[in-house]
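Asks: I'd like to ask you about the structure that follows.
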Amino acid sequence: MSDLHELSVAQLAAQLRQKKVSAVEAAQHFLARIKTHQNLAAFLAVDEEATLTQARAADARLAAGDSAPLLGVPIAHKDIFVTRDFPSTAGSKMLTGYRSPFDATVVARLGQGAPDQGPGAGAVTLGKLSCDEFAMGSSNEAVAVPAVGFSSATPVKNPWDPARVPGGSSGGSAAAVAARLAPAATGTDTGGSIRQPASFCGITGIKPTYGRASRYGMIAYASSLDQAGPMARSAEDCALLLSALCGPDLDRDSTSLDLPAEDFSRGLNDKVDGLRIGIPKEFFGAGLAADVRAAIDAALKEYEKLGAKLVEISLPRTELAIPVYYIIAPAEASSNLSRFDGVKFGHRAKDYTDLLDMYKKSRSEGFGEEVQRRIMIGAYVLSHGYYDAYYLQAQKIRRMLADDFQNAFQHCDVIAGPAAPSVAWQIGGHGDDPVADYLADIYTLPASLAGLPGLSLPVGFGDGGLPVGLQLIGNYLQEAKLLNAAHRYQQATDFHLRTPAGF
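Residue numbers (full-length UniProt numbering): 1 to 503.
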């Protein structure tokens, strides 16, 4: 079938179960598209034989009558998840050539499973997707590993305009789904790295409540913030994927929530009559671009047509989210990345005089500029004399941010606003100004700091025909409510079905 890439995850899964297409045929179709569109630089690793081996195993399960929900569906993984069949680099020179002896829990649950966890949902891995180095970035411009078909590192191109960034850090995931190189992909969201690139590339992506998805095998950036989630074209597809990848993993991840697996698609057709949508006035200030504001306003009017009620609320400490995040996240990164010292694994400098010199050179050569910047910031705020003034104060304000959300949820069921203050900017557009990238996270950071679930769905286009995403934020463990609200909107509109020209 020549149009397999136009099918949703749900549609493709149905075709596979009905034997209208085989897992091998589906895998070959998407592998061919990946090869055709290498110029996007979305993939860091592809192994055709490894993929087809997984596809043949899926076909054998299908032939035996297995009806796992994603059996045979091709999927790609952000290169922050370790995988046995593909190299895992986290987009960094530090891990060039690294092969994991095991799959991350998220990979295993979506895919072939693990010996001590039973069979997985049966998805077939197409390859590993580009990301900002160690997931530190908002534009994918900080990737340090060459993409497939390239001899040197290059940022992923936005399929809607190759001169634009796809967002980050899950830029490869967003671009691959938008360009129909994969029906779905995994991403990670520390401060908005699922929601912001989903907005920039016109797809749907959800970050679940912190602890819903296991962090085991996810290369750590900031442990109290990192959370895995799915990226696909629609809320329906995200619900299927989220149902497969979430669940307790207490033996491997101490932050995993002890909650049973859940069917997040169970309420997708519930009406939104009477749904109270909170509109934070702080999300609609002077920093929001006019074209984005227009698309968001139109989406909110559509929700009113569907029976929802708009309620003005306040998240008064929103502007503090950026300084709080960029103290806490670098502090945790400084600690997590200390393991990469050239001794046990990772890059080791060739020439050094003693152990200390090896540490310095290995880390200087292995880490890119943005990673080094955040490590230094983190070490500074954790140092004697500054811990109380910076890190401890940031943690106190983080608690206050979470309290703001709880106060708001007394008046509304979900919170809505832009996922990003602008459409995707030009590659290199922020030049040597990292703060410009940091400011782009203003609307996604608060929910991350509070550990709340957040979703971005496409709701229109801004200047240059570039996608705009609406962010929906729910209270803890309310992923199903967010997915239903997004699904009902997508039943009434077709923005999630739009495809970039040429794909």
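Just so you know, even glycine gets a beta-carbon here, dropped at the ideal spot from N, CA and C.
#1: Quick check on this structure: which residue in ASP66, ILE194, GLY378 has the alpha carbon closest to the alpha carbon of TYR325?
#2: Which residues does DSSP pair with CYS246 in a beta bridge?
#3: Could you check the C-alpha separation between ASP85 and PHE150 for me, to the nearest Å?
#4: Taking all protein chains shown into account, do 16 or more other C-beta atoms lie within 10 angstroms of the C-beta of PHE340, making it buried, or fewer, making it exposed?
#5: Helix, strand or coil, according to DSSP, for GLU312 in the structure here?
#6: Could you check the C-alpha separation between CYS246 and GLN54 for me, to the nearest Å?
#7: According to the neighbour-count rule (16 or more other Cβ atoms, all chains shown, within 10 Å of its Cβ), is ASN140 buried or exposed?
#8: Based on DSSP bridge pairs, tell me the residues matched to GLY205.
#9: If you draw a straight line from the alpha carbon of GLU302 to that of GLY460, how long is it in whole angstroms?
#10: Note down, in chain order, each residue of its chain lying with its Cβ closer than 8 Å to the Cβ of VAL311, except the 5 sequence neighbours on either side.
#11: Residue range of the beta strand (DSSP E) that ILE75 falls in?
#12: Starting from THR188, follow the beta strand (DSSP E) in both directions and report where the run begins and ends.
#13: By DSSP, does LEU275 sit in helix, in strand, or in coil?
#14: Excluding the five sequence neighbours on either side, which residues of its own chain have a C-beta within less than 6 Å of the C-beta of ILE219, listed in chain order?
#15: Which residue's Cα is closest to the Cα of LEU288: PHE367, LEU259, PRO421?
#16: Can you tell me whether GLY267 is buried or exposed, with buried defined as 16 or more other CB within 10 angstroms of its CB?
#17: Give a yes or no on contact between the stretch 318-333 and the stretch 385-405, applying the rule of three or more CB pairs nearer than 8 Å.
#18: Check whether the stretch 371-390 and the stretch 152-165 touch, using three or more Cβ-Cβ pairs below 8 Å as the test.
#19: Counting pairs of beta carbons, one from the stretch 176-184 and one from the stretch 42-52, are three or more of them closer than 8 Å?
#20: Residues in the same chain with beta-carbon distance under 8 Å from THR83, minus the five sequence neighbours each way, listed in chain order, please.
#21: Under a Cβ-count criterion, where at least 16 other Cβ atoms within 10 Å of its own Cβ denotes burial, should LYS481 be classed as buried or exposed?
#22: Are there 16 or more other CB atoms within 10 angstroms of the CB of ALA319, so buried, or fewer, so exposed?
#23: Which first and last residues belong to the beta strand (DSSP E) in which PRO418 is found?
#24: Which residue spans inside the stretch 102-155 form an unbroken alpha helix (DSSP H) run of at least 4?
#25: If distances are taken between C-alpha atoms only, which option among CYS201, VAL73, ALA198 comes closest to LEU241?
#26: Judging by CA-CA distance, which residue of PHE405, GLN491, PRO115 is the nearest neighbour of LYS271?
#27: Whole angstroms are fine: how far does the CA of GLY502 sit from the CA of SER214?
#28: Please identify the residue among SER67, ALA64, SER130, TYR98 whose C-alpha is closest to the C-alpha of GLY366.
#29: Cα-Cα, which of ALA440, VAL24, ARG363 is closest to VAL423?
#30: Are the Cβ atoms of SER138 and GLY168 separated by less than 8 Å?
#31: Ignore the nearest five residues each way along the sequence and tell me which others in HIS37's own chain have a CB closer than 8 Å to its CB.
#32: Grab the span of the alpha helix (DSSP H) containing PHE405 for me, first residue to last.
#33: Use the C-beta contact count for GLY469: other C-beta atoms within 10 angstroms, 16 or more gives buried, fewer gives exposed.
#34: Between LEU472, ILE34, GLN426, which lies nearest to ALA299 when the distance is taken from Cα to Cα?
#35: With DSSP as the reference, label LEU470 as helix, strand or coil.
#36: When you compare the CB positions of GLU332 and SER448, do they come within less than 8 Å of one another, or not?
Replies: Result, derived from the coordinates:
#1: GLY378
#2: ALA213
#3: 21 Å
#4: buried
#5: The DSSP-derived three-state label of GLU312 is strand.
#6: 22 Å
#7: Per the 10 Å Cβ criterion, buried.
#8: MET231, SER456
#9: 12 Å
#10: ARG276, ILE277, GLY278, ILE279, HIS411, CYS412
#11: Where ILE75 is concerned, the enclosing beta strand (DSSP E) stretches over 74-78.
#12: 184-188
#13: coil
#14: ILE80, ALA90
#15: Minimum Cα distance to LEU288 is reached at PRO421.
#16: exposed
#17: yes
#18: no
#19: Touching, yes.
#20: HIS77, SER100, ASP103, ALA104, VAL107, THR125, LYS128
#21: buried
#22: The question names Ala, yet the displayed sequence has Glu at residue 319. Flag for GLU319 reads exposed.
#23: 414-418
#24: 105-110
#25: VAL73
#26: Checked all of PHE405, GLN491, PRO115; the closest Cα to LYS271 is GLN491.
#27: 37 Å
#28: TYR98
#29: ALA440
#30: Yes, they are a contact pair.
#31: ALA179, LEU181, PHE503
#32: 393-408
#33: With 16 or more other Cβ atoms inside 10 Å of its own Cβ, GLY469 counts as buried.
#34: LEU472
#35: strand
#36: no
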